[in-house]
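Chemist: Protein sequences appear in the order of chains A and B.
Quick note on my numbering: the first sequence kicks off at 2 and runs consecutively.
Quick note on my numbering: the second sequence kicks off at 2 and runs consecutively.
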Amino acid sequence: MRIEPEERSPEIRIKDFKEVNKGYRIEEAIKEANRCKECGLCIKGCPVEVDIPGFIRAIKEEKFQKAYKIINEENILPAICGRVCPQENQCEAECILETPINIGKLERFVADNYSVELDRQIKKNNKIVAVVGSGPAGLTASNELIKNGFDVVIFEALHKFGGVLRYGIPNFRLPDEIINREIDKLKKMGVKFKKNYLIGKTLYLEELQEKFDGIFISVGAGLPRQLNIKGENAIGVYFANEFLTRVNLMKAYRFPEHHTPIKKGKRTLIVGGGNVAVDSARVARRLGSKVSIVYRRLREDMPARNEEIEHALEEGIDIKTLLNPVEIISNKNGKIKEILFRRMKTVGKTEDGRNAIDNTDEFIRIKTDIFIEAIGQRPNKMISNKENDLKFDRWGRIVVDNKMQTSLKKVWAAGDIVSGAATVIKAMGEAKKASASIINKIGG
Amino acid sequence: MRNQMRNQIVSKDKLGKNIYSFWIHNPEIASHYSAGQFLILKVKKEGERIPLTIVDINLKKGNIQIIFQVVGLTTKILSEMKTGEIIPDILGPLGNGVETKENFKNILFVGGGIGIAPIFPKIKEFRMNKKIKNIDSIIGSKNKDSLILINEIERYVDNLYCMTDNGSYGEKGFVTKRLKKLLKDKEYDLCIAVGPLIMMKKVVENAKKYKLKTLVSLNTIMIDGTGMCGGCRLSYNGQTKYTCVDGPVFDGYKVNFDELMKRNRQYEDSECKLEKKIDRKRDE
Numbered sequence: 002m003r004i005e006p007e008e009r010s011p012e013i014r015i016k017d018f019k020e021v022n023k024g025y026r027i028e029e030a031i032k033e034a035n036r037c038k039e040c041g042l043c044i045k046g047c048p049v050e051v052d053i054p055g056f057i058r059a060i061k062e063e064k065f066q067k068a069y070k071i072i073n074e075e076n077i078l079p080a081i082c083g084r085v086c087p088q089e090n091q092c093e094a095e096c097i098l099e100t101p102i103n104i105g106k107l108e109r110f111v112a113d114n115y116s117v118e119l120d121r122q123i124k125k126n127n128k129i130v131a132v133v134g135s136g137p138a139g140l141t142a143s144n145e146l147i148k149n150g151f152d153v154v155i156f157e158a159l160h161k162f163g164g165v166l167r168y169g170i171p172n173f174r175l176p177d178e179i180i181n182r183e184i185d186k187l188k189k190m191g192v193k194f195k196k197n198y199l200i201g202k203t204l205y206l207e208e209l210q211e212k213f214d215g216i217f218i219s220v221g222a223g224l225p226r227q228l229n230i231k232g233e234n235a236i237g238v239y240f241a242n243e244f245l246t247r248v249n250l251m252k253a254y255r256f257p258e259h260h261t262p263i264k265k266g267k268r269t270l271i272v273g274g275g276n277v278a279v280d281s282a283r284v285a286r287r288l289g290s291k292v293s294i295v296y297r298r299l300r301e302d303m304p305a306r307n308e309e310i311e312h313a314l315e316e317g318i319d320i321k322t323l324l325n326p327v328e329i330i331s332n333k334n335g336k337i338k339e340i341l342f343r344r345m346k347t348v349g350k351t352e353d354g355r356n357a358i359d360n361t362d363e364f365i366r367i368k369t370d371i372f373i374e375a376i377g378q379r380p381n382k383m384i385s386n387k388e389n390d391l392k393f394d395r396w397g398r399i400v401v402d403n404k405m406q407t408s409l410k411k412v413w414a415a416g417d418i419v420s421g422a423a424t425v426i427k428a429m430g431e432a433k434k435a436s437a438s439i440i441n442k443i444g445g
Numbered sequence: 002m003r004n005q006m007r008n009q010i011v012s013k014d015k016l017g018k019n020i021y022s023f024w025i026h027n028p029e030i031a032s033h034y035s036a037g038q039f040l041i042l043k044v045k046k047e048g049e050r051i052p053l054t055i056v057d058i059n060l061k062k063g064n065i066q067i068i069f070q071v072v073g074l075t076t077k078i079l080s081e082m083k084t085g086e087i088i089p090d091i092l093g094p095l096g097n098g099v100e101t102k103e104n105f106k107n108i109l110f111v112g113g114g115i116g117i118a119p120i121f122p123k124i125k126e127f128r129m130n131k132k133i134k135n136i137d138s139i140i141g142s143k144n145k146d147s148l149i150l151i152n153e154i155e156r157y158v159d160n161l162y163c164m165t166d167n168g169s170y171g172e173k174g175f176v177t178k179r180l181k182k183l184l185k186d187k188e189y190d191l192c193i194a195v196g197p198l199i200m201m202k203k204v205v206e207n208a209k210k211y212k213l214k215t216l217v218s219l220n221t222i223m224i225d226g227t228g229m230c231g232g233c234r235l236s237y238n239g240q241t242k243y244t245c246v247d248g249p250v251f252d253g254y255k256v257n258f259d260e261l262m263k264r265n266r267q268y269e270d271s272e273c274k275l276e277k278k279i280d281r282k283r284d285e
């Protein structure tokens with residue numbers, strides 16, 4: 002049987018922002034590792050191709066630092082990926098066992114407890130690369146590049162590093178200390194971190210082109226998608242980005258000790274079905290609200306990770322399906338009062354196997370104080386503000402070739418600015434690909 | 002002189018009651034700035050991010066000027082910082098500069114309260130355009146103590162009209178009182194107004210009667226200032242716009258002021274809690 006690490010009980014955990022899953026104890030990890038047949042099918046499910054059977058074998062042999070080194074060869078953020086990767090759709094989906102090996106939790110176990118600094122003699126190549134954005138893609142590229150002799154400077158617009166890991170993912174899924182540790186490691190390796198630099202405003206891309214041998218753009222999908230329905234600017238309506246940023250980056254849940262406030266409703270509705278929707282719901286729950294997630298299809302169609310949906314349900318969050326918001330109704334003070342939803346119906350399947358939906362003529366109203374829109378993010382084109390020929394597609398994504406190179410010489414891009422809104426590990430995979438091209442083109 | 006650090010306070014002046022001017026060293030912001038842009042700063046680890054207009058720059062020294070009024074905890078803490086200290090976080094320049102190339106000949110500036118500070122860089126910028134024949138300005142505030150930049154603005158404008166609510170300086174009354182007279186007597190082809198939302202709303206209402214194009218510069222609640230959170234949004238001609246990336250300067254005719262006033266007040270309860278925190282700090 003697949004072994005699951007202990008989780009903090011829902012009644013306790015909804016009172017704080019500490020991590021839900023406690024992680025494996027040593028005996029549990031070894032026991033779980035021993036289930037593995039080491040067939041290696043899982044590797045093809047991993048966007049960064051970690052030698053999964055290799056590190057699991059090392060756990061079996063109780064050579065935990067060796068396990069860490071094996072993971073770290075391909076993945077520099079194992080403590081983060083062990084927590085936030087959708088393993089069930091990636092490595093674990095490929096597992097030949099009926100109940101797949103808990104690869105994510107094993108990765109986390111190794112990364113949390115046996116992290117070692119790799120002692121490398123690096124021969125400098127006297128080339129310097131600017132990395133724009135300190136999210137997962139930026140951190141991965143920095144690691145790859147510094148390992149290969151480059152000097153690296155990361156520019157971050159916010160006052161803390163980590164990008165979406167910092168402002169997007171709540172602490173009960175990814176504690177700040179974990180992000181800090183990975184960043185400290187890169188600092189020790191010699192990566193220079195510069196905060197409060199918004200490229201396109203504080204410095205222009207053209208200036209970076211003059212000063213650096215190469216540029217790697219990983220600015221993410223930093224614009225919220227909105228429903229564009231009536232009443233959206235009512236008080237109590239948040240885009241998930243704002244709601245999560247207030248709590249995760251600004252620590253509004255510790256107001257007034259931290260000075261950024263947040264609205265805590267008696268009742269919160271979240272629209273959307275992805276991880277951001279579920280994260281927002283669980284944050285609202287921890288702020289003391291009664292919470293419902295409202296999704297226009299069925300629960301089985303929600304793109305959020307199953308584990309997170311399960312956690313949300315345990316925490317008393319309910320999921321209402323086949324409802325599509327059409328209007329936000331507010332009172333005279335501009336405060337939200339209720340949401341008008343149209344009932345939807347399923348009409349067969351879409352190409353990707355999810356339920357297709359269509360309108361019905363039925364409507365319902367649900368009262369709420371807070372309404373959070375978590376329906377996706379778009380790329381932020383801020384970097385193109387000044388005259389430059391950086392090419393974007395019609396969705397605002399940077400156009401790259403198969404080596405992640407942009408339309409500009411010596412400028413590469415990866416992550417959500419290239420692929421729209423995707424996963425941490427996909428961004429990391431692309432960053433590795435771009436780094437390989439940078440090393441090849443200008444490393445010499 | 003010793004080398005200055007990024008974000009170091011170079012000089013500090015008290016301009017009026019609870020109103021301060023800081024010059025801060027930040028060469029990158031200075032060299033990328035255009036009039037009308039703002040910055041976001043954070044005064045301590047637990048602090049909030051607040052937007053402030055960049056009032057002036059000194060390119061040679063790499064310094065930027067902000068002027069602010071103590072209205073909450075962040076501005077209170079900021080006002081207590083001393084020359085030589087470093088402000089932990091400053092991001093900028095943000096937003097768009099105001100366009101000065103269009104063919105305007107007679108311009109009227111209206112500044113209210115701390116909104117007088119943001120009109121000053123715009124007045125200077127427009128003055129450099131030699132095609133502009135006349136620049137008038139009305140500035141107003143509660144009383145003499147909070148009426149700032151009188152001498153500075155006077156140097157750049159043809160006519161300056163000062164108003165105070167209680168008549169302690171200039172004419173008694175709101176800026177709109179003088180505005181109504183000027184609109185009747187003179188012909189302008191552009192009005193730029195910055196101040197409390199209610200003032201900008203009234204200026205727009207009056208200017209509309211004379212079909213006078215009116216630009217306003219908005220100061221909304223913000224967090225990141227890069228378009229990421231959407232907290233600074235407003236209804237603009239029926240569409241949603243972000244103050245941070247689409248503004249801060251907007252066509253006043255299209256701004257839904259009533260909605261924005263409500264949005265800007267949405268954290269008033271929380272601000273009260275922070276006020277209490279200030280009071281506790283004072284008692285200690």
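Cβ coordinates follow ideal geometry from the N, Cα and C atoms, glycine included.
1. State whether the segment 168 to 179 of chain A contacts the segment 77 to 86 of chain A, with contact taken as three or more CB pairs (one from each stretch) at a distance under 8 Å.
2. What residue does the alpha helix (DSSP H) around A/K338 start on, and which one ends it?
3. Apart from the five residues on each side of it in sequence, which residues of its chain come closer than 7 Å, Cβ to Cβ, to B/L60?
4. Could you give the DSSP three-state label for A/E118: helix, strand or coil?
5. Beta-carbon of B/P28 versus every beta-carbon of chain A: anything under 8 Å?
6. Report the rounded CA-to-CA distance for B/T54 versus B/P119, giving the unit in angstroms.
7. Considering B/S12, what are the terminal residues of the beta strand (DSSP E) in which it resides?
8. Just how far apart, CA to CA, sit A/E108 and B/T76?
9. Output yes if chain A places a C-beta closer than 8 Å to the C-beta of B/Q267; else output no.
10. Spatial neighbours of B/D270 within its chain, please: CB distance less than 6 Å, with the 5 preceding and 5 following residues excluded, ordered by chain position.
11. Shorter than 8 Å from the beta carbon of B/S12 to some beta carbon of chain A?
12. Between the segment 291 to 301 of chain A and the segment 316 to 331 of chain A, do three or more beta carbon pairs fall short of 8 Å?
13. How many whole angstroms separate the CB atoms of B/S138 and B/V158, which I take to be in contact at a CB cut-off of 8 Å?
14. DSSP beta-bridge partners for A/Y296?
15. Is B/Y211 buried or exposed, if buried means 16 or more other CB atoms sit within 10 Å of its CB?
16. For A/K392, is the classification buried or exposed, using 16 other Cβ atoms within 10 angstroms of its Cβ as the cut-off for buried?
17. Starting from the beta carbon of A/G416, find every residue of chain B whose beta carbon is closer than 7 Å, and list them in chain order.
18. So B/M82 contacts chain A; which residues on that side make the cut at Cβ distance below 7 Å?
19. A/E63 touches chain B at which residues, Cβ-Cβ below 7 Å?
20. Give me, in chain order, the residues of the same chain whose beta-carbon lies closer than 8 Å to that of B/E285; leave out the 5 immediate sequence neighbours on both sides.
21. Spatial neighbours of A/I310 within its chain, please: C-beta separation below 7 Å, excluding the five flanking residues on both sides.
22. Under 8 Å by Cβ, that's how I've got A/A422 and A/I271 pegged, so tell me the actual separation to the nearest angstrom.
23. Quick one: what's got a C-beta closer than 7 Å to A/R226's C-beta in the same chain, skipping five residues either side?
24. Under DSSP, the alpha helix (DSSP H) around B/P94 begins and ends at which residues?
25. Roughly how many angstroms lie between the CA atoms of A/L324 and B/L261, to the nearest whole one?
26. For a test of the three-state rule: what should DSSP assign to A/V153, helix, strand or coil?
27. By the criterion of Cβ-Cβ separation under 8 Å, what are the contact partners of B/I91 in chain A?
28. Answer with buried or exposed for B/D225, where buried requires no fewer than 16 other C-beta atoms within 10 angstroms of its C-beta.
29. At a CB-CB cut-off below 7 Å, which residues of chain A make contact with B/I140?
30. Which term fits A/E524, buried or exposed, when burial requires 16 or more other beta carbons within 10 angstroms of its beta carbon?
31. Pick out whichever of A/K128, A/K16, A/R343 and A/A112 has its Cα sitting closest to the Cα of A/R287.
32. Can A/T246 be considered in contact with the ligand MG, in the sense that its beta carbon sits closer than 7 Å to one or more heavy atoms?
33. Identify every residue that forms a DSSP beta bridge with B/S236.
34. Are A/R355 and A/R298 close, meaning C-beta to C-beta below 8 Å?
35. What alpha helix (DSSP H) runs, 4 residues minimum, are completely inside the segment 174 to 200 of chain B?
36. Please confirm if B/C230 has its CB atom under 8 Å from at least one CB of chain A.
Modeler: According to the structure data:
1. yes
2. Here residue 338 of chain A refers to the residue found at position 337 of the first sequence. Per DSSP, A/K338 belongs to no alpha helix (DSSP H); it is in the beta strand (DSSP E), I337 to K350.
3. The count along the second sequence starts at 1 and reaches residue 60 of chain B at position 59. The answer, listed in chain order, is A31 and S32.
4. Counting from one through the first sequence, the residue named residue 118 of chain A turns up at place 117. Note: A/E118 maps to coil in three-state DSSP.
5. Within the second sequence, numbered from 1, the residue matching residue 28 of chain B stands at position 27. It does not; no Cβ of chain A falls within 8 Å.
6. The residue given as residue 54 of chain B occupies position 53 in the second sequence. The residue given as residue 119 of chain B occupies position 118 in the second sequence. Distance between the alpha carbons of B/T54 and B/P119: 6 Å.
7. As a position in the second sequence, residue 12 of chain B is number 11, starting the count at 1. Unbroken beta strand (DSSP E) run through B/S12: I10 to G17.
8. In the first sequence, the residue the question calls residue 108 of chain A occupies position 107. In the second sequence, the residue the question calls residue 76 of chain B occupies position 75. About 46 Å.
9. Locating residue 267 of chain B in the second sequence gives position 266, where the first residue counts as 1. Output row for B/Q267: interface = yes.
10. Start at 1 with the first residue of the second sequence, and residue 270 of chain B comes out as number 269. Cβ within range, chain order: n/a, list empty.
11. For the purposes of this step, residue 12 of chain B is taken as residue 11 along the second sequence, with counting starting at 1. With 8 Å as the cut-off, B/S12 does not count as an interface residue toward chain A.
12. yes
13. On the second sequence, residue 138 of chain B is found 137 positions in, with the first residue counted as 1. On the second sequence, residue 158 of chain B is found 157 positions in, with the first residue counted as 1. Contact between B/S138 and B/V158 holds: CB atoms are separated by about 5 Å, below the 8 Å threshold.
14. As a working note, residue 296 of chain A is residue 295 in the first sequence. For A/Y296, which the question treats as bridged, DSSP gives the partners A/T322.
15. By 1-based counting over the second sequence, the position of residue 211 of chain B is 210. So B/Y211 counts as exposed.
16. Here residue 392 of chain A corresponds to residue number 391 of the first sequence, with the count starting at 1. With fewer than 16 Cβ atoms within 10 Å of its Cβ, A/K392 is classed as exposed.
17. Working through the first sequence from its first residue, we reach residue 416 of chain A at position 415. Correct list: empty, because the minimum Cβ distance to chain B is about 15 Å.
18. Translated into the one-based positions of the second sequence, residue 82 of chain B becomes position 81. None at all; the shortest Cβ gap to chain A is about 15 Å.
19. Here residue 63 of chain A corresponds to residue number 62 of the first sequence, with the count starting at 1. Neighbours of A/E63 on chain B: none; closest Cβ ~41 Å, over 7 Å.
20. Residue 285 of chain B sits at position 284 when you count from the first residue of the second sequence. With a pLDDT of only 49 at B/E285, under the threshold of 50, the placement of this residue in the model should not be trusted, and no figure is reported.
21. On the first sequence, residue 310 of chain A is found 309 positions in, with the first residue counted as 1. So the qualifying residues of the chain are V279 and M303.
22. Indexing the first sequence from 1 puts residue 422 of chain A at position 421. Indexing the first sequence from 1 puts residue 271 of chain A at position 270. In this structure A/A422 does not touch A/I271 by the C-beta definition: roughly 17 Å separates them, more than the 8 Å allowed.
23. Taking the first sequence and counting its residues from 1, one reaches residue 226 of chain A at position 225. So the qualifying residues of the chain are I376, G377, Q378 and R379.
24. Mapped onto the second sequence, residue 94 of chain B falls at position 93. Counting along the chain, B/P94 falls outside any alpha helix (DSSP H), though it belongs to the beta strand (DSSP E) covering D90 to L95.
25. If you number the first sequence from 1, residue 324 of chain A lands on position 323. If you number the second sequence from 1, residue 261 of chain B lands on position 260. Going from the Cα of A/L324 to the Cα of B/L261 covers about 29 Å.
26. Indexing the first sequence from 1 puts residue 153 of chain A at position 152. If DSSP states are grouped into helix, strand and coil, A/V153 belongs with the strands.
27. Along the second sequence, read from residue 1 onward, the residue named residue 91 of chain B stands at position 90. In chain order: N197.
28. In the second sequence, residue 225 of chain B corresponds to position 224, counting from 1. Under this definition B/D225 is a buried residue.
29. In the second sequence, the residue the question calls residue 140 of chain B occupies position 139. Ordered by position in chain A, no residue passes the 7 Å Cβ test against B/I140, which lies about 29 Å from the chain.
30. One cannot answer for residue 524 of chain A here, as it falls past the ends of chain A, which runs 2 to 445.
31. Reading the first sequence from its first residue, position 286 is the one you call residue 287 of chain A. Among A/K128, A/K16, A/R343 and A/A112, the Cα nearest to that of A/R287 belongs to A/K16.
32. The ligand MG is not part of this structure, which contains no ligands at all.
33. Looking up residue 236 of chain B in the second sequence gives position 235. According to DSSP, which records beta bridges pairwise, B/S236 is partnered with B/T241.
34. Here residue 355 of chain A refers to the residue found at position 354 of the first sequence. Here residue 298 of chain A refers to the residue found at position 297 of the first sequence. Yes; because the gap between Cβ atoms is below 8 Å, this pair is in contact.
35. 176 to 186
36. Taking the first residue of the second sequence as 1, we reach residue 230 of chain B at position 229. Output row for B/C230: interface = yes.
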